[in-house]
Amino acid sequence: MKADFDPRENPCRPRHFKPAPCGPLPAEGPAKQSLETSRTRLVLLGALFCLAFAAIGVRLVDVTVLKDPGSKIARAHVRPHVEHARADILDRNGVKLATTLETPSLFANPKLVQGAPEAAAKLAAVLPGLNRAELEAALSNKERSFVWIKRNLTPEQQFEINRLGIPGLFFQTEQRRVYPQGRLTAHVVGFAGVDNNGLQGVERGLDDELKTSDDPVTLSIDLRLQYILKEEMARQIEAFSAKGGMGLIADVDTGEILAMVSLPDFDPNDRAEVDSDATFNRATLGTYEMGSVFKIFNTAMALDSSVTTLAGGYDASHPLKVGRFTIHDDHAKNRWLTVPEIFIYSSNIGSARMAVDAGIDRQRDFLGRLGLLRTPSLELSEVGEPHYPREWRLVNTMTIAFGHGMSVSPLQMVTAVSAVVNGGILHRATLLRHPDGYRPEGVRAMSQRTSEDMRRLLRLVVEKGTGKFAAAPGYLVGGKTGTAEKVDGRGYARKELLSSFIGAFPMNQPRYVIMISIDEPHPNARSAGEATGGWVAAPAVSRIVQRMAPIVGIPAVDEDSPEIRRALLVESAETPGRKFAAN
Amino acid sequence: MSALRPSTLLWLAVISAVGYGMFQVKYRVMQLEDQLARVNRSIDADRDDLRVLGAEWSYLNQPQRLDQLRQRYLTLVPIQRAQQGTLDQIPFRPGEQGIAPQAVPPRPSAPPVALPGGASLASAARGGNR
């Protein structure tokens, strides 16, 4: 009711006085009925509200008092950890070989750029390698609103660009795979493409693991040894004007590859001008007729199958005629040779006779046990398949005895020679680091005795035979030289050689196998017209041993001490009544 | 008009206290959330920095570069055979262990070595093996 002036009311009545709102409640009739209905509805509504409040109350007590708030609330606020697309690759000492970085990339919106010439000049000053004229043209093109200027900048470059304060320039973060060691581990680590797929090397071989795992992958490679191996190989390649080379260092007891080099190499960070020859991994994918280094296996086979002993010998006085082939000796002695002499002077005739004595089946079986007849497994996709005659005839047996007519990869050579010197156990080669002290089981390939005899023979080659340049005072290097003529279309090319040395040290208890092959070396002024394994590869092995021994903790010993003399003595090395010409 | 009933007063007080408390908690939570977001951002940034610095560390430690620096600034060379020896090659001091110094002459195969630059044998050996 309004407090307006009403002449019918008493003007003296207090303004806030209100008459009773309505008359007495009707006792009967439809009015009463509608009131009843309203009341029922009210009660019902009230009950509903009560129920709702009760529910809320119960829930409140439940949430605040009864329920343990626990970690749920805290976790809701923590941002999920940003996953990096690809795990790191480390060497055995934890040095990064491959890592993923978030790098800023610079792009421009030309519509927002004012003063394109000036901006282009400033940018070109900060980012060398950009063409100023092209940049100016790109920035002046007002049609477009997005132009990449440079991808993957360094933090310094980003800072410099920010300092220029040019409007219309923006950064976008991109992930980029970086290989801090560059060329040094190019063939081992390989590389991944822009879409984060591994394309070569470990990046491809362990692609799934690198993509899914957050933990870095630790390789068996030791970067220091990798550097020593590469440097010494590069030195020989240059000195002998060679085409390339491959080298490996492996632990004989575990099968771990400590260094693996293939030259020429490439920069995995800049693959714009990489040719297929540089990316080709000669150490694992290439298979070669290895030449005389195969006599290691031939001699071990003859000794292990008791076809002959260290005291035995064969006639090498005349070239050996087989069908239309004639087998000659490169270091011909033209006389009867003992088994140690055949080995240290690398007699093809003697080796072939030894193999014939043992027979085709024994030879094939022995090479199979050393893993030379099957494709090896390694954490790389580039693994070559060995080539050997499908139909193994006597002539094949004779040529395989000195390393022709069968081609294997350097990786297989290193694995097999490890088994020859480590006591006869063949271990699978691996690029992944084993835990300290772990000794994988391996398979026995020959007797302990054969292995010990082979150690003596390999040592003798370096002491008195074709491998004298591999000697490293105090470190008891042993090994075998090999000079293979490369297959050239139809026949063998006399001038195109593959000169190798494969050795181990210290020979009284071998720990490491080193192999170096130099591809197509040419004689130089100091090598007396020679480009053989003994002249090209052996000196590099000597220097590598002297540099790596202090790093891997192998002490130099006195080579003339009685214990070592006794351990490496070959009693029947000399033909009775004759002196070594090499002495 | 009578004064407010005591119970009403009480409830008013309770309501204001609870309201005050609630806003206090709310502001504190907002503050903590800001702080958490800041810390998370800085963790992310540090993590990225670590990756960049790790890559740079590896890059700067390229064996080839270290070798060049070594040639330029140091006189260190790989440990030579003559620099190595065993403990039993070192004679006891006079009077110790009851053995006269003449009793254990140094083996001729390991003469005392003077290293270039006057470095001692011990310091050269320390850097070599890892």
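The listed protein sequences correspond, in order, to chains A and B.
Per numbering that gives the first Met the number 0: the first sequence = residues 0 to 582.
Per numbering that gives the first Met the number 0: the second sequence = residues 0 to 129.
All residues carry an ideal CB built from backbone N, CA and C; glycine is no exception.
It should be emphasised that the depicted structure is a prediction, and the values quoted were computed from it without experimental measurement.
Residue nearest to Phe401 (chain A) in terms of C-alpha spacing, selected from A:Gly28, A:Gln362, A:Phe504:
Minimum Cα distance to Phe401 (chain A) is reached at A:Gln362.
Limits of the alpha helix (DSSP H) - the one that Met29 (chain B) falls within
Under the DSSP assignment, Met29 (chain B) falls in the alpha helix (DSSP H) whose first and last residues are 5-59.
Short Cβ contact (9 Å threshold) for Leu596 (chain A) with Ala107 (chain A)
Any answer about residue 596 (chain A) is impossible in this case: the structure gives chain A only from 0 up to 582.
Residues of chain A with CB under 9 Å from Tyr58 (chain B), in chain order?
The CB of Tyr58 (chain B) comes closer than 9 Å to the CB of Lys95, Val177, Pro179, Gln180, Gly181 in chain A, given here in chain order.
Does Ala54 (chain B) get closer than 9 Å to chain A when you measure Cβ to Cβ?
It does: the Cβ of Ala54 (chain B) has a partner Cβ on chain A nearer than 9 Å.
Determine whether the beta carbon atoms of Ala351 (chain A) and Met300 (chain A) lie at a separation below 9 Å.
No, the Cβ-Cβ distance between Ala351 (chain A) and Met300 (chain A) is not below 9 Å.
DSSP-derived helix/strand/coil call for Arg40 (chain A):
If DSSP states are grouped into helix, strand and coil, Arg40 (chain A) belongs with the helices.
CA-CA distance, Leu134 (chain A) and Ile148 (chain A)?
In a straight line, the C-alpha of Leu134 (chain A) is about 8 Å away from that of Ile148 (chain A).
Taking all protein chains shown into account, do 16 or more other C-beta atoms lie within 10 angstroms of the C-beta of Leu369 (chain A), making it buried, or fewer, making it exposed?
Looking at its Cβ environment, which holds 16 or more other Cβ atoms inside 10 Å, Leu369 (chain A) is buried.
Does the segment 242-258 of chain A come within contact of the segment 223-231 of chain A, defined as at least 3 CB pairs closer than 8 Å?
With a cut-off of 8 Å, the segment 223-231 of chain A and the segment 242-258 of chain A count as touching, because enough Cβ pairs lie within range.
Could you tell me whether any Cβ in chain B is nearer than 9 Å to the Cβ of Tyr226 (chain A)?
Answer yes: the Cβ-Cβ gap between Tyr226 (chain A) and chain B drops below 9 Å somewhere.
contact_flag[the segment 518-535 of chain A, the segment 302-315 of chain A] where n(CB pairs < 8 Å) is 3 or more
Counting C-beta pairs closer than 8 Å gives fewer than three between the segment 518-535 of chain A and the segment 302-315 of chain A, which falls short of the contact rule.
Can you tell me whether Pro100 (chain B) is helix, strand or coil according to DSSP?
Since pLDDT at Pro100 (chain B) reaches only 47, below the 50 mark, its modelled position is unreliable, and the value read off the structure follows with that caveat. Three-state DSSP puts Pro100 (chain B) in a helix.
If contact means a Cβ-Cβ distance below 8 Å, which residues of the segment 550-574 of chain A contact chain B?
Within the segment 550-574 of chain A, Ile550, Gly552, Pro554, Ala555, Asp557 place their CB atoms closer than 8 Å to a CB of chain B, listed in sequence order.
Between A:Leu257, A:Phe293, A:Met259, A:Ala258, which has its C-alpha nearest Ala415 (chain A)'s C-alpha?
For the set A:Leu257, A:Phe293, A:Met259, A:Ala258, the Cα lying nearest the Cα of Ala415 (chain A) is the one of A:Phe293.
Three-way DSSP call (helix, strand, coil) for Ile424 (chain A) in this model
Three-state DSSP puts Ile424 (chain A) in a strand.
Measuring straight from C-alpha to C-alpha, what distance separates Asn268 (chain A) and Ala97 (chain A)?
C-alpha separation (whole angstroms): 10 Å.
Give a yes or no on whether the C-beta atoms belonging to His403 (chain A) and Gly478 (chain A) are separated by under 9 Å.
Against a cut-off of 9 Å, the Cβ pair of Gly478 (chain A) and His403 (chain A) comes out as no contact.
Within the segment 489-553 of chain A, note down every full beta strand (DSSP E) run reaching 3 residues or more, in order along the chain.
As far as the segment 489-553 of chain A is concerned, its whole beta strand (DSSP E) runs of at least 3 residues are 490-504, 511-518.
Do you know how far the Cα of Val442 (chain A) is from the Cα of Ala271 (chain A)?
Approximately 44 Å, taken between the alpha carbons.
So what's Met405 (chain A) in DSSP terms, helix, strand or just coil?
It is coil, neither helix nor strand.
Sequence-distant residues of its chain with Cβ nearer than 6 Å to Thr217 (chain A) (five each side left out)
Correct list, in chain order: Leu89, Arg432.
What in chain B is Cβ-close to Pro505 (chain A), meaning under 8 Å?
For Pro505 (chain A), none of the residues of chain B pass the 8 Å Cβ criterion, the least Cβ distance being about 13 Å.
Counting only Cβ pairs nearer than 9 Å, list the residues of chain B close to Gly189 (chain A).
The contacting residues do not exist; Gly189 (chain A) stays about 17 Å from chain B at best.
Assigned exposure category for Pro104 (chain B) - 16 Cβ within 10 Å defines buried
Confidence at Pro104 (chain B) is low in this model, with a pLDDT of 49, below 50, so the placement of that residue should be treated as unreliable; the coordinate-derived value is given next. With a 10 Å radius around the Cβ and a threshold of 16 neighbouring Cβ atoms, Pro104 (chain B) comes out exposed.
Does the distance from the C-beta atom of Ser104 (chain A) to that of Phe170 (chain A) stay below 9 Å?
In contact: Ser104 (chain A) and Phe170 (chain A) (Cβ atoms closer than 9 Å).
Going by DSSP in three states, His186 (chain A) sits in which element: helix, strand or coil?
It is helical.
Output needed for Ile165 (chain A): all residues of its chain with C-beta closer than 6 Å, excluding positions within five of it in sequence on either side, in chain order.
Cβ contact annotation for Ile165 (chain A) (same chain, cutoff 6 Å, sequence separation greater than five): Ala118, in chain order.
The segment 373-382 of chain A in contact with the segment 275-289 of chain A per 3-pair CB rule at 8 Å
In this structure the segment 373-382 of chain A touches the segment 275-289 of chain A; the number of beta carbon pairs closer than 8 Å is three or more.
Indicate the three-state DSSP secondary structure (helix, strand or coil) for Asp207 (chain A) in the structure shown.
In the displayed model, Asp207 (chain A) falls within a helix according to three-state DSSP.
Would Met506 (chain A) pass as a contact of Ile227 (chain A) if the rule is Cβ separation under 9 Å?
For the 9 Å CB-CB criterion, Met506 (chain A) and Ile227 (chain A) do not form a contact.
What residues of chain A sit near Pro93 (chain B), judged by a beta carbon separation below 7 Å?
None at all; the shortest Cβ gap to chain A is about 27 Å.
In this structure, how does DSSP classify Val394 (chain A) when only helix, strand and coil are distinguished?
Residue state, collapsed to three classes: helix.
Simplified DSSP state of Arg443 (chain A), which is helix, strand or coil:
Here Arg443 (chain A) sits in strand by DSSP.
With DSSP collapsed to three states, give me the class of Pro103 (chain A).
If DSSP states are grouped into helix, strand and coil, Pro103 (chain A) belongs with the strands.
Ends of the alpha helix (DSSP H) at Gln67 (chain B)?
Counted as a single uninterrupted DSSP element, the alpha helix (DSSP H) harbouring Gln67 (chain B) occupies residues 62-72.
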